[in-house]
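Down below is the structure, laid out as structure tokens.
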Amino acid sequence: MVGIDPESDGLARANGWALRSRIKGSTGWSRWMCSRRVEILFDATSAGAHAYHDKIARQHGKQIIDMTPAAIGPYVVPVVNIDEHLMAPNINMVTCGGQATIPMVAAVRKVAKVHYAEIVASIASKSAGPGTRANIDEFTVTTATGLEAVGGATRGKAIIVLNPADPPVMMRNTVYTLSEDVDTALVAESVARQVEEVQSYVPGYRLKQDVQFERIGDNTPLKIPGLGEFVGLKTSVFLEVEGAAHYLPNYAGNLDIMTSASLKTAERLVQLRKAA
25 MVGIDPESDG
35 LARANGWALR
45 SRIKGSTGWS
55 RWMCSRRVEI
65 LFDATSAGAH
75 AYHDKIARQH
85 GKQIIDMTPA
95 AIGPYVVPVV
105 NIDEHLMAPN
115 INMVTCGGQA
125 TIPMVAAVRK
135 VAKVHYAEIV
145 ASIASKSAGP
155 GTRANIDEFT
165 VTTATGLEAV
175 GGATRGKAII
185 VLNPADPPVM
195 MRNTVYTLSE
205 DVDTALVAES
215 VARQVEEVQS
225 YVPGYRLKQD
235 VQFERIGDNT
245 PLKIPGLGEF
255 VGLKTSVFLE
265 VEGAAHYLPN
275 YAGNLDIMTS
285 ASLKTAERLV
295 QLRKAA
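Per this note's numbering, residue 25 is the first one in the sequence shown, and the count goes up by one each step.
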């Protein structure tokens, strides 16, 4: 139970369930967690705490889905690579920004080589708990790496913004890619298909406007740190993620997309186990 806010509503609910199930104290929790009844664990604490939880899970042969940016296990984004790492003992769900934006980079990558991808994830400050605030550095590093390892970009960069606006705003994501020059209709079609795929498990995921394109010519090349001068196609994708509001408010789309992606992955794991 390392890294959990002792005053959190979630922990209070869990403890109420534990008392009804006759589970008492951290020893009881550990015994239940590692019993035969539990096969897949979800960790939504913090990057630092997850390192400890991962060790416990491995000791007892339990598979863990990591919803923190600890990045111990391979990165998984359901619409991109859900079946590639399902046998891994630790599955990392990247970050909320990664789950929202990596699919768009991968969509461009399907039709063109992506040299550079940059994303800006803006979330309501009220939807950012202590774990998110403590892991800003991990968020940027893990998301940028995910843009490369899963999205297919040669180089990635990520920025997170905590928006203090009141009333709270929906999660907004801006995705920029610099790719080889191809037919823009192909890119737009690929992005639209990918949005529909994500909507199958995150209904509030949507484009805010049509995909924007700009051709960068020889006369006005862009300089990319570490990659040199770029000539080709710039694609801009603008997204909004609205939460389902089952328990959390609808502006907490950043939390909803992580939960939904993790559930989608776990459901696929169960399908494979039943088929085995």
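Yeah, the Cβ is synthetic: ideal placement off N, Cα and C, and Gly gets one too.
All values reported here derive from a predicted model rather than from experimental measurement.
Proximity of residue i and residue j at Cβ, strictly below 7 Å
{"i": "PHE254", "j": "PRO245", "result": "yes"}
{"i": "TYR275", "j": "MET194", "result": "yes"}
{"i": "PRO188", "j": "SER149", "result": "yes"}
{"i": "GLY155", "j": "SER70", "result": "yes"}
{"i": "GLY97", "j": "THR167", "result": "no"}
{"i": "PHE262", "j": "THR178", "result": "no"}
{"i": "ASP205", "j": "LEU171", "result": "no"}
{"i": "ILE184", "j": "PHE163", "result": "yes"}
{"i": "ALA145", "j": "LEU186", "result": "no"}
{"i": "GLN83", "j": "ILE64", "result": "no"}
Residue from the options whose Cα sits closest to the Cα of residue i
{"i": "ILE115", "options": "ALA209, PRO127, LEU293 and LYS298", "result": "LEU293"}
{"i": "ILE147", "options": "PRO192, THR125 and THR283", "result": "PRO192"}
{"i": "GLY72", "options": "GLN87, THR92 and ILE64", "result": "THR92"}
{"i": "VAL226", "options": "GLY256, PRO127, TYR140 and ARG239", "result": "PRO127"}
{"i": "GLU119", "options": "ILE89, ALA136 and THR259", "result": "The residue you asked about is not Glu; residue 119 is Thr in the sequence shown. Comparing Cα positions, the closest option is ILE89."}
{"i": "LYS181", "options": "LYS86, LYS298 and VAL138", "result": "VAL138"}
{"i": "VAL300", "options": "LEU65, MET111 and TYR99", "result": "Residue identity differs from the one stated: residue 300 is Ala in this sequence, not Val. If we check each option's Cα against that of ALA300, MET111 comes out closest."}
{"i": "GLU264", "options": "LEU65, LEU231 and ILE248", "result": "LEU231"}
{"i": "GLY250", "options": "TYR140, SER224 and ALA268", "result": "TYR140"}
{"i": "VAL235", "options": "VAL219, ASN105, ALA212 and TYR99", "result": "ALA212"}
{"i": "GLY66", "options": "LEU296, THR289 and GLN295", "result": "According to the sequence displayed, residue 66 carries Phe and not Gly. Of the candidates LEU296, THR289 and GLN295, the one whose C-alpha sits nearest the C-alpha of PHE66 is THR289."}
{"i": "MET22", "options": "ILE80, TYR229 and ALA173", "result": "The chain is shown only over 25 to 300; residue 22 falls outside these bounds and no answer can be derived."}
{"i": "GLN295", "options": "ILE106, ALA94, LYS86 and GLN233", "result": "ILE106"}
{"i": "ARG239", "options": "GLY277, LYS134, ASP207 and ALA124", "result": "ASP207"}
{"i": "GLU220", "options": "ALA124, ASP78, HIS109 and LYS86", "result": "ALA124"}
{"i": "VAL104", "options": "ASP190, GLY252 and GLY175", "result": "GLY175"}
{"i": "ARG196", "options": "GLY277, GLY85, ALA136 and ARG37", "result": "GLY277"}
{"i": "ALA95", "options": "LYS247, LYS298, ASN159 and TYR271", "result": "ASN159"}
{"i": "THR169", "options": "VAL129, ARG297, GLY85 and LEU279", "result": "VAL129"}
Local Cβ density within 10 Å of residue i, reported as buried at 16 or more and exposed below that
{"i": "VAL62", "result": "exposed"}
{"i": "HIS74", "result": "buried"}
{"i": "SER203", "result": "buried"}
{"i": "ALA209", "result": "exposed"}
{"i": "ARG217", "result": "exposed"}
{"i": "VAL26", "result": "Bear in mind that the predicted position of VAL26 carries a pLDDT of just 46, short of 50, making it unreliable; the figure below should be weighed with that in mind. Counting Cβ neighbours within 10 Å, VAL26 comes out exposed, since fewer than 16 surround it."}
{"i": "TYR229", "result": "buried"}
{"i": "ILE281", "result": "buried"}
{"i": "TYR99", "result": "buried"}
{"i": "GLN223", "result": "exposed"}
{"i": "SER32", "result": "exposed"}
{"i": "ASP161", "result": "exposed"}
{"i": "PRO102", "result": "buried"}
{"i": "ALA269", "result": "exposed"}
{"i": "ASP78", "result": "buried"}
{"i": "ALA22", "result": "Past the edges of the chain, shown from 25 to 300, lies residue 22, and the structure says nothing about it."}
{"i": "ALA36", "result": "exposed"}
Expected contact under 8 Å - CB spacing of residue i and residue j to nearest Å
{"i": "TYR200", "j": "GLU266", "result": "At roughly 22 Å, the Cβ-Cβ gap does not stay under 8 Å, so TYR200 and GLU266 are not in contact."}
{"i": "VAL132", "j": "SER260", "result": "Contact flag wrong, Cβ pair sits at about 11 Å."}
Residue-level contact to chain C via CB, residue i, 7 Å cutoff
{"i": "LYS79", "result": "Reference to chain C is not applicable here, since this structure consists of a single protein chain."}
Every unbroken beta strand (DSSP E) inside the segment 68 to 95 [3 residues or more]: Runs of the beta strand (DSSP E) inside the segment 68 to 95: 87 to 90.
Minimum length 3: unbroken beta strand (DSSP E) runs contained in the segment 99 to 141: The qualifying runs are 114 to 116.
Sequence ranges, beta strand (DSSP E) only - wholly within the segment 228 to 252, length at least 3: Unbroken beta strand (DSSP E) runs of no fewer than 3 residues, entirely contained in the segment 228 to 252, are found at 229 to 231, 236 to 240 and 246 to 248, following chain order.
Whole runs of the beta strand (DSSP E) within the segment 255 to 290, excluding any shorter than 3 residues: Entirely contained in the segment 255 to 290, the beta strand (DSSP E) runs reaching 3 residues are, in chain order, 256 to 265.
Entirely enclosed alpha helix (DSSP H) segments - the segment 154 to 218, minimum 4 residues: Complete alpha helix (DSSP H) runs here, min 4: 154 to 158 and 160 to 173.
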